[in-house]
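Asks: Structure incoming, see below.
2 protein chains.
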Amino acid sequence: MESIYIGILGLGTVGSGVLNTLEKNRTIIEEDLGSPIRIKRALVKNVNGYGHLNIPSDLTITDDINDILDDPDISIVVEVMGGIHPAKEFILEALRRGKSVVSANKDLVSLHGPEIVKTAVENAADFMCEASVGGGIPILLPLQKSLKANQITEIVGIINGTTNYILTEMTEKNMSYRDALTNAQKLGFAEADPTADVGGFDAARKIAILSSIGFRANVTSDDVSVEGIEAIDSKDIQFAKEFGYVIKLLAVARQQPEGIAAAVYPAFVPQDHPLAAVRGAYNAVYIVGNAVDDIMFYGKGAGSYPTASAVLGDVLEIAAHLHHHTTGKNAWLKENNPAQFMDPNFVLSSYYFRLIVDNAPGVLSEISQCFAQDGVSIKTMWQRGNLEETAEIVMVVYPAGDTAIQNVRARLQNLNCVREIANVLRVLGESGNDER
Amino acid sequence: MESIYIGILGLGTVGSGVLNTLEKNRTIIEEDLGSPIRIKRALVKNVNGYGHLNIPSDLTITDDINDILDDPDISIVVEVMGGIHPAKEFILEALRRGKSVVSANKDLVSLHGPEIVKTAVENAADFMCEASVGGGIPILLPLQKSLKANQITEIVGIINGTTNYILTEMTEKNMSYRDALTNAQKLGFAEADPTADVGGFDAARKIAILSSIGFRANVTSDDVSVEGIEAIDSKDIQFAKEFGYVIKLLAVARQQPEGIAAAVYPAFVPQDHPLAAVRGAYNAVYIVGNAVDDIMFYGKGAGSYPTASAVLGDVLEIAAHLHHHTTGKNAWLKENNPAQFMDPNFVLSSYYFRLIVDNAPGVLSEISQCFAQDGVSIKTMWQRGNLEETAEIVMVVYPAGDTAIQNVRARLQNLNCVREIANVLRVLGESGNDER
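Taken in sequence, the protein lines are chains P and V. All residue numbers in the first sequence are consecutive under the UniProt record's numbering, ending with 436. All residue numbers in the second sequence are consecutive under the UniProt record's numbering, ending with 436.
What follows is the structure in structure tokens.
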């Protein structure tokens, strides 16, 4: 069969991983594929900056996208440059010329996925983006193919390695949030400006992509409500432990008859839930389907070689489609299927409250009333009584809707005896559901 | 596009799950596929025995395989009857007539997979068998497609739900092996004759299939060395806990330059290894590839609906191939690629020993010598000294080869002071490797 030629946009961490992995495993890859496969051209910013890479002699480095777009040999374009512009324009133009595209770009796919897929289908080209979620973990392909006979009802992901690393350090080494973040930055797990990670925005992009494929509807990162881990205190971590939980930043998407809800938030996860065992920079995606029940995919969510594994898995799938003349028939994302979102009040959840209150008689009664007025039942409560002026009250309440919890917070805020609502966090149920 | 018609062989637990899932999720399935899909005929032993099922009016039940083989409408045959004969003959004949086949039959695939795949390819038909390993967990498709760019070096599975249920009960409820087995039988998790499960033979079949796909070579269940969980004592479970491990029945396959090794055995798994968190009847497959590093797939390893999810995933993949006229081009198993097996001595492993010895001076020195003579180093040791006649010695040794451990056992056996070698078990390393 005919040789497959690739043009790659970017030779950074992921790009060089793709190059090296293809060289290292060429023998088995070509035997499986039944044809040679080569990276013919690479787009970079500065053609002289790549002396440190082991560039094969038959790979041409260029700083002109047209060298790749105009090359009729190149049938697959791999976009690992990142960012929205000009990645989007390059991808759309490649697709318009009938070239298939593999992208690792979560920012782009979570915002413009449907438009890209539409362009791919119109031009009988493939577009695949396994590496955009969960690094090397095979998740988008199994979600789209293996689980096709299921209605997916829940997707719960630990899909940001930076925050999971920070929370794991806080949990296992009793570190403060600040120290754990500084440590992560020193080790290269967190960026100098960590907002995208610790604020939950990176996870929001990935859950948008997972939801779009799993629920067969267009969910963008703008549709995801986002809460980060900045407010998690060592005390919350300790209380979680004592109550049999571990705190994780979860990306949660649900589909019910009422519609879809997608959110990112830190939550209490029961210690015997499979997501609780996901430590450090590892990622995992937990999925519930109406036939398969609950399954989980686990692995390294980032890194040069794991991400290259996902990129090349897509490349080889497309190469097989090219050999069989079936590109353009395998779209993962629906190009035009608007999502129906549900009222947040349909999503019931158990909650954890940590309050700093006056250490005085009658306080507990006042606080209990704040909950009772909206029918929110207290499941467990714990008060550290001592001789100081203030006391700490921790409680977990039975499942309640968003409005009820907002009302309770507002009432607590207005009580003179409540000095501070230190934290309010959701509690994931044993089943992966929020408890209800 | 043309309607897809299915013939199903068997309407038992899995067959009825397939039927019900297809009915329940028909709308989204047909929308994805772009055509109607129907189960047209079902082969059963007794055509009058299915009144309890909700049989659609357009499904014909028959006890004659020729009704299905001779029906030119039927392009996909789903084999969920189990057993080697006549399932093998039915599958081969369906393939010879150009019908694609989906099978959940691990016994058959682990013994005759290559012959079946050869027949499929020769007749431009597909053969898929996702449900034969790990029930509903997507594992064979991601292993074959998503991880295609990797050399797979290790596959470690908890792929028998019965034994994992028994070991979990022993661990969490301090039950004896006998009580846990009886309990599992009462609950339907273990059969009246539990040998295939507790003896490790079921797991051997599944690891043979995983190895064949992952290592691109023919590994049959006869190539897998097998050790069951019958000899696991509550004491072993307790010592494992104290040392920070949990005992699991593992199916382990490794590929090194020296060749392939595949085995099933109970082992100590570190408590912070992701496999340690796999409880009850759940299954998981942990895979190491030379690009992706370590990943894990987790879910329900059996049951009507999870297994139906896997069967229908295969059916819908083949249906897409039928629409694109590309069946016969997607063989997972290499039809003729004999595996090269390695000398068991290349597989080093850390081991746990539990010995019952005389409570007398000099005993420890004699025992230590048995290890030292083959260069096996003792890592940790624990002796319960009391006033009784015998003492219990527990130790974990540094990685050693098979022959060295056999020699040590033989020498211990010959010592007068050793009353009993109560158990010898392998220890899985933090990385998933046996410790080395």
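We treat Cβ as the ideally placed atom computed from N, Cα and C, and that holds for glycine.
Can you check whether the C-beta of residue 136 (chain P) is within less than 8 Å of a C-beta belonging to chain V?
Replies: Put simply, the CB of residue 136 (chain P) is near chain V, with a gap under 8 Å to one of its CB atoms.
Asks: Would you mind telling me which residues of chain V sit closer than 7 Å to residue 289 (chain P), beta carbon to beta carbon, in chain order?
Replies: Those within 7 Å of residue 289 (chain P) in chain V are 309.
Asks: Return no unless some Cβ of chain V is closer than 8 Å to the Cβ of residue 248 (chain P).
Replies: no
Asks: Along the alpha helix (DSSP H) that carries residue 369 (chain P), what are the first and last residues, could you check?
Replies: Counted as a single uninterrupted DSSP element, the alpha helix (DSSP H) harbouring residue 369 (chain P) occupies residues 363 to 372.
Asks: Does the beta carbon of residue 216 (chain V) sit closer than 8 Å to a beta carbon anywhere in chain P?
Replies: yes
Asks: Between residue 369 (chain V) and chain P, is the shortest Cβ-Cβ distance under 8 Å, so that the two count as touching?
Replies: no
Asks: Taking only beta-carbon atoms, is residue 151 (chain P) less than 8 Å away from chain V?
Replies: yes
Asks: For residue 175 (chain V), which three-state DSSP category applies?
Replies: Residue 175 (chain V) falls in the coil class under three-state DSSP.
Asks: What whole-angstrom Cβ distance do residue 279 (chain V) and residue 168 (chain V) have, given they're in contact under 8 Å?
Replies: 5 Å
Asks: Hey, quick one: how far does the beta strand (DSSP E) through residue 255 (chain V) stretch, first residue to last?
Replies: 245 to 256
Asks: Going by DSSP, what residue range makes up the alpha helix (DSSP H) through residue 141 (chain P)?
Replies: 140 to 144
Asks: Using a Cβ-Cβ cut-off of 6 Å (strictly less than) and excluding sequence neighbours within five positions of residue 420 (chain V), which residues of its own chain qualify?
Replies: Answer for residue 420 (chain V): 356, listed in chain order.
Asks: Against residue 25 (chain P), what residues of chain B qualify as contacts under a CB-to-CB distance less than 8 Å, listed in chain order?
Replies: In summary, chain B is missing from the structure at hand, where the protein chains are P and V.
Asks: Select from the segment 267 to 279 of chain P all residues with a C-beta closer than 8 Å to any C-beta belonging to chain V, and list them in chain order.
Replies: 272, 274, 276, 277, 278, 279
Asks: So, is residue 384 (chain V) buried or exposed, given that buried needs 16 or more other C-beta atoms within 10 angstroms?
Replies: exposed
Asks: Using only alpha-carbon positions, find the residue among P:365, P:28, P:404, P:153 that is nearest to residue 375 (chain P).
Replies: Closest in C-alpha terms to residue 375 (chain P), from the list P:365, P:28, P:404, P:153, comes P:404.
Asks: With residue 15 (chain P) as the anchor, note down where its alpha helix (DSSP H) starts and where it stops.
Replies: 13 to 24
Asks: Quick check: what's the CA-CA separation for residue 11 (chain V) versus residue 54 (chain V)?
Replies: A direct Cα-to-Cα measurement between residue 11 (chain V) and residue 54 (chain V) gives close to 11 Å.
Asks: Applying a beta-carbon distance threshold of less than 8 Å, which residues of chain P neighbour residue 177 (chain V)?
Replies: Going along chain P, no residue has its Cβ under 8 Å from residue 177 (chain V), so there is no contact; the nearest lies around 22 Å.
Asks: Looking at residue 319 (chain P) and the ligand ADP, is the gap between the Cβ and the nearest heavy atom below 7 Å?
Replies: What this structure holds is no ligand at all, so the ligand ADP is not there to describe.
Asks: Of the residues that make up the segment 322 to 336 of chain V, which ones have a beta carbon closer than 7 Å to any beta carbon in chain P?
Replies: 324, 326, 329
Asks: Cα-Cα, which of V:85, V:165, V:81 is closest to residue 131 (chain V)?
Replies: V:81
Asks: Mapping the DSSP letters down to three states, classify residue 151 (chain V) as helix, strand or coil.
Replies: coil
Asks: Specify whether the segment 109 to 129 of chain V and the segment 78 to 97 of chain V touch according to this definition: at least 3 beta carbon pairs, one from each stretch, less than 8 Å apart.
Replies: yes
Asks: With 16 as the cutoff for other CB atoms within 10 Å, does residue 9 (chain P) come out buried or exposed?
Replies: buried
Asks: Just how far apart, CA to CA, sit residue 44 (chain V) and residue 117 (chain V)?
Replies: 25 Å
Asks: Compare the Cα-Cα distances from residue 406 (chain P) to each of P:388, P:426, P:387 and report the closest residue.
Replies: P:426
Asks: Measure the alpha-carbon distance for residue 170 (chain P) versus residue 365 (chain V) and round it to whole angstroms.
Replies: 45 Å
Asks: Do the segment 137 to 154 of chain P and the segment 275 to 295 of chain P make contact, defined as three or more Cβ pairs closer than 8 Å?
Replies: yes
Asks: Quick one: residues in its chain with C-beta nearer than 7 Å to the C-beta of residue 345 (chain P), no 5 flanking neighbours on either side, listed in chain order?
Replies: 401, 402, 403
Asks: In terms of DSSP beta bridges, what is residue 382 (chain V) paired with?
Replies: Answer by DSSP bridge pairing, in chain order: V:394.
Asks: Give me whichever residues DSSP pairs with residue 50 (chain V) in a beta bridge.
Replies: None; residue 50 (chain V) has no bridge partner.
Asks: What does a CB cutoff of less than 8 Å around residue 35 (chain V) pick up in its chain, not counting 5 residues either side in sequence?
Replies: Short of 8 Å from the beta carbon of residue 35 (chain V), and not among the five residues preceding or following it, lie these beta carbons of its own chain, in chain order: 1, 2, 3, 4, 319, 323.
Asks: Note down the Cα distance separating residue 194 (chain P) from residue 309 (chain P), rounded to an integer number of angstroms.
Replies: 26 Å
Asks: If I measure Cβ to Cβ from residue 217 (chain V) and keep anything under 6 Å in the same chain, skipping five residues before and after, which residues do I get?
Replies: When the five nearest sequence neighbours on each side are left out, the beta carbons in the same chain lying within less than 6 Å of the beta carbon of residue 217 (chain V) are those of 337, 339, in order along the chain.
Asks: When you compare each of P:254, P:237, P:230, P:107 to residue 246 (chain P) by their alpha carbons, which one comes out closest?
Replies: P:237
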